[in-house]
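Q: As given, the protein sequences belong to chains X and L, one line each in that order.
For what it's worth, this note's numbering labels the leading residue of the first sequence as 779, then goes sequentially.
For what it's worth, this note's numbering labels the leading residue of the second sequence as 779, then goes sequentially.
Protein chains: 2
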Amino acid sequence: MSTIYEVAALAGVSPATVSRVFNGLSVSSEKIRLVRDAAEVLKFTPNRTARRLRNQSSELIALLIPDIENPFFTALARGVEDRAQQSGYSVVLCNTDDDPDKETNYLDIAVSENMAGIILAPASADGDLAHVVSRGRPMVAVDRSTGFDIDAVMVDNRAAGIAATNALFDAGYSRVACIAGPVGIETTEERSLGWRQVVTRRGNPAGHDDYLQHANYRVDGGRAAMRTLLDLPTPPDAVVTTNNLMGVGALQILSEAGITPPEFGVAVVGDLPFTTLLPDAITQVHLPARHLGTTAASMLMERIAGDTQPARTIVLRASVTQGATPVPTAR
Amino acid sequence: MSTIYEVAALAGVSPATVSRVFNGLSVSSEKIRLVRDAAEVLKFTPNRTARRLRNQSSELIALLIPDIENPFFTALARGVEDRAQQSGYSVVLCNTDDDPDKETNYLDIAVSENMAGIILAPASADGDLAHVVSRGRPMVAVDRSTGFDIDAVMVDNRAAGIAATNALFDAGYSRVACIAGPVGIETTEERSLGWRQVVTRRGNPAGHDDYLQHANYRVDGGRAAMRTLLDLPTPPDAVVTTNNLMGVGALQILSEAGITPPEFGVAVVGDLPFTTLLPDAITQVHLPARHLGTTAASMLMERIAGDTQPARTIVLRASVTQGATPVPTAR
DNA sequence: TTGAAAGCGCTAACAT
DNA sequence: ATGTTAGCGCTTTCAA
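Here it is, written out as structure tokens:
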């Protein structure tokens, strides 16, 4: 672990010159060679920690996501990475596990590590961002919004919920349930609000509040909720799930019960990951996960570059709705 | 962005005392209160960069994985995280994208950022680890081995390939192909070697070198390879894929061709992620992804704690083979 | 163009 | 128990 001093000594120049060489400042080509050779011999790599302490910033951006095992977030991460690398920034990923404490911990780290910026997919609405914001670190929220006045990029969740639900009614289903995520999570609330809006207008039978199920955001949550729905006195004949993983869970339960769409209607907000056998009756409302990432990264890059315009929110449409949803046959 | 000096001034103590308070060293409760209050007022958080420059180390460990979109690696990451958090370490994830250059870049970062340790799922066999190793940073390899004398934790890939192939023959298939990953990647080589070993013994028809297909490690690779296999003059009646994602691709192509296992035998080394409709005829050789992660993290923690025993390699068995593979019916 | 020197914020001797 | 101070490795004025 050699330092610029050792390189300087070996090259017969001053530490400042070594620093200049490594930062591309003007140095006589004579000494450049000397320094490079010496650095080569000593296997010198500049110590980023020291550089950072000096510069108060690094070429690292932190990306905090709530669930690293959810393909939606990994796709988003890829987007962030692609964009960041273009600008010479490296991305470190932190998994907050939907836990506000872990989130706060990683935010602290990102700030006190002097990272160049932060992209945050917030675990909860009430994370402690004041801290970060007050320090003036560039930050952009993605997927879910925060109570703070910062840049954000999101999808039109309401519209996504509406599209999913409409697709089901259009296909001829009449008792459309909804498997939503945990209460209080914005994305889920909005999507299920979309569902409710359509259902109110197009008419589920009255008195079926139990058609709205809350579950955890993962596969097992979807499974539990779907089981509950099937056990209802008057089960629904179709379901909207407000994210991809719960969609997987719901489909698993249906499959285990010997029910295959379009016998039962299924629409999922999000993309079903790694599908092998997929009834083409399933509706998917594709979310632009990767695009969310690139957009957020672009915004962050602008801020890092010094852009000081007021905070913006960009809303991406969950535009692409796919899924040949034929009129149910076997009912 | 306040410093210990400001806190010290406000609290009427010395910077050293502030430092001591924040590091839990003995300080009179009187001054502890003073310092805490001052820190509160100033919203002081210790600057990790400075601390690190001073300590030459941090409580951060870097995990480098080749494909963040592959559930195998995200499961592994979860394992690492769980174990690391237990010891008070935070994990930052870096996606090398199977690109040696990116890998080297992130390794450089990890080292020059003075991270406490590194867990590396190597992109290629010939990454430039000399650098890291020579600096004496604790490092453990996971999933694939390196040419270097460092700790490693892996699965018994040969055995996994053998188990998958045997399962297919046992079920009554007789022309068993193999979709392997890129040439030169250890895990894939080993697994396909396992396949070859069984096939040689239990007897594919002679002259079918084309039953071994190399593909990229992802879904589209599996798709392409499966298509090629089906187009062969004498197509196989079963296939082993050497990872999870290629398995997904193969199943997609079969499904699109209207072929459903067990009409055609499929065994995948790895776990099919997020399956919705899964013919129970499929054999899966489950890889202990998460366990790989926890084990690697444990080893790393030991090294960080100062353990200096010679490098160890731990081999985990891909023990659990699942999959009721009935004798094919419709042939 | 080059060097000397200060200082980024913190911790750990050392001294009191 | 507490304060003083040197220094981690780097960059960047300021002079020369």
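Even for Gly, the Cβ is constructed at its ideal location relative to N, Cα and C.
With C-beta atoms as the reference, is Tyr995/X less than 8 Å away from Asn1021/X?
A: A contact, by the Cβ cut-off of 8 Å.
Q: For the segment 992-1003 of chain L, which residues have a CB atom closer than 8 Å to at least one CB atom of chain X, in sequence order?
A: Going along the segment 992-1003 of chain L in chain order, one finds Val997 with a Cβ nearer than 8 Å to chain X.
Q: Enumerate in chain order the residues of its own chain whose CB-to-CB distance from Arg913/L is below 8 Å, with the five nearest sequence positions on each side excluded.
A: Contacts found: Val889.
Q: Closer than 9 Å between beta carbons: that is the criterion. Which residues of the segment 865-894 of chain L meet it against chain X?
A: Those residues of the segment 865-894 of chain L that come within reach of chain X (Cβ to Cβ, closer than 9 Å) are Ser868, Val869, Val870, Leu871, Cys872, Asn873, Asp875, Lys880, Asn883, Tyr884, Asp886, Ile887, Val889, Ser890, Glu891 and Asn892.
Q: Locate the beta strand (DSSP E) running through Pro868/X, then write down its first and last residues.
A: Just to set this straight, residue 868/X is Ser in the shown sequence, not Pro. Its beta strand (DSSP E) spans residues Ser868 to Asn873.
Q: Would you kindly work out how many angstroms separate the C-alpha atoms of Ala789/L and Asp815/L, rounded to a whole number?
A: About 8 Å.
Q: Measuring alpha carbon to alpha carbon, tell me which residue in Ala938/L, Phe800/L, Val1044/L and Leu1032/L is nearest Tyr951/L.
A: The residue with the shortest Cα to Cα distance from Tyr951/L is Val1044/L.
Q: Between Pro824/X, Pro1039/X and Met1077/X, which lies nearest to Ser797/X when the distance is taken from Cα to Cα?
A: Ranking the options by Cα distance to Ser797/X, first place goes to Pro824/X.
Q: Report the neighbours of Gln825/L on chain X: residues whose CB is nearer than 7 Å to its CB, in chain order.
A: It should be noted that the sequence gives Asn, not Gln, for residue 825/L. The answer, in chain order, is Ser890.
Q: Using the rule of at least 16 other Cβ atoms within 10 Å of the residue's Cβ for burial, across every protein chain shown, is Glu808/X buried or exposed?
A: It counts as exposed.
Q: For the ligand PLP, is there a heavy atom less than 7 Å away from the beta-carbon of Ala794/X?
A: No copy of the ligand PLP occurs in the structure displayed, which carries no ligand at all.
Q: Considering only their Cβ atoms, is the gap separating Ala840/L from Tyr884/L smaller than 8 Å?
A: Contact flag set, yes.
Q: Step through the CB atoms of chain X and report whether any lies within less than 8 Å of the CB of Pro844/L.
A: Answer no: the Cβ-Cβ gap between Pro844/L and chain X never drops below 8 Å.
Q: Kindly confirm or deny that the segment 1006-1023 of chain L and the segment 933-952 of chain L touch, where touching means at least three C-beta pairs closer than 8 Å.
A: Segments in contact, yes.
Q: Pairing CB atoms from the segment 844-860 of chain L with CB atoms from the segment 1058-1078 of chain L, are three or more of them under 8 Å?
A: Yes, they touch.
Q: Would Asp845/X and Asp876/X be called neighbours here (beta carbons separated by less than 8 Å)?
A: Yes, Cβ-Cβ distance for Asp845/X and Asp876/X is below 8 Å.
Q: Buried or exposed: which applies to Asn892/L, given that a residue is buried once 16 or more other Cβ atoms fall within 10 Å of its Cβ?
A: Buried: at least 16 other Cβ atoms inside 10 Å.
Q: With 8 Å as the threshold, decide whether the Cβ of Thr781/X is near any Cβ in chain L.
A: No - not a single Cβ of chain L is within 8 Å of the one on Thr781/X.
Q: Give me the residue from Leu1065/X, Pro1040/X and Cys872/X with the minimum Cα distance to Leu1050/X.
A: Nearest of Leu1065/X, Pro1040/X and Cys872/X to Leu1050/X, Cα basis: Leu1065/X.
Q: Run down chain L in chain order and give the residues with a C-beta less than 8 Å from the C-beta of Val954/X.
A: Within 8 Å Cβ-Cβ: nothing; Val954/X doesn't reach chain L, min ~20 Å.
Q: For Ala1067/X, return the contacting residues in chain L, with the cut-off set at a CB-CB distance below 9 Å.
A: Neighbours of Ala1067/X on chain L: none; closest Cβ ~10 Å, over 9 Å.
Q: What are the start and end residues of each continuous beta strand (DSSP E) run of 3 or more residues lying completely inside the segment 947-1000 of chain L, in chain order?
A: Runs found: 954-958 and 990-992.
Q: At least one CB of chain X closer than 8 Å to the CB of Ser912/L: is that the case?
A: Interface residue, yes.
Q: Would you give the residue range spanned by the beta strand (DSSP E) that Ala840/L belongs to?
A: Ala840/L -> beta strand (DSSP E) spans Leu838 to Ile843.
Q: Taking Cβ positions, are Val870/X and Cys872/L nearer each other than 8 Å?
A: In this structure, Cys872/L lies closer than 8 Å to Val870/X by Cβ.
Q: Any beta carbon of chain X sitting closer than 8 Å to that of Val785/L?
A: Chain X contact via Cβ: absent.
Q: Could you check which residue in Ala899/L, Leu838/L, Ile896/L and Pro793/L has the C-alpha nearest to that of Phe822/L?
A: Comparing Cα positions, the closest option is Pro793/L.
Q: Measure the CB-CB distance between Leu898/L and Leu854/L and report whether it falls below 8 Å.
A: Not closer than 8 Å, so no.
Q: Could you tell me the alpha carbon to alpha carbon distance between Arg826/L and Thr827/X, rounded to whole angstroms?
A: Each residue's alpha carbon lies about 9 Å from the other.
Q: Could you give the DSSP three-state label for Ala855/L: helix, strand or coil?
A: Helix at Ala855/L.
Q: Just verifying my parser: in three-state terms, what is the DSSP assignment at Gly939/L?
A: The answer is helix: DSSP assigns Gly939/L an H, G or I state.
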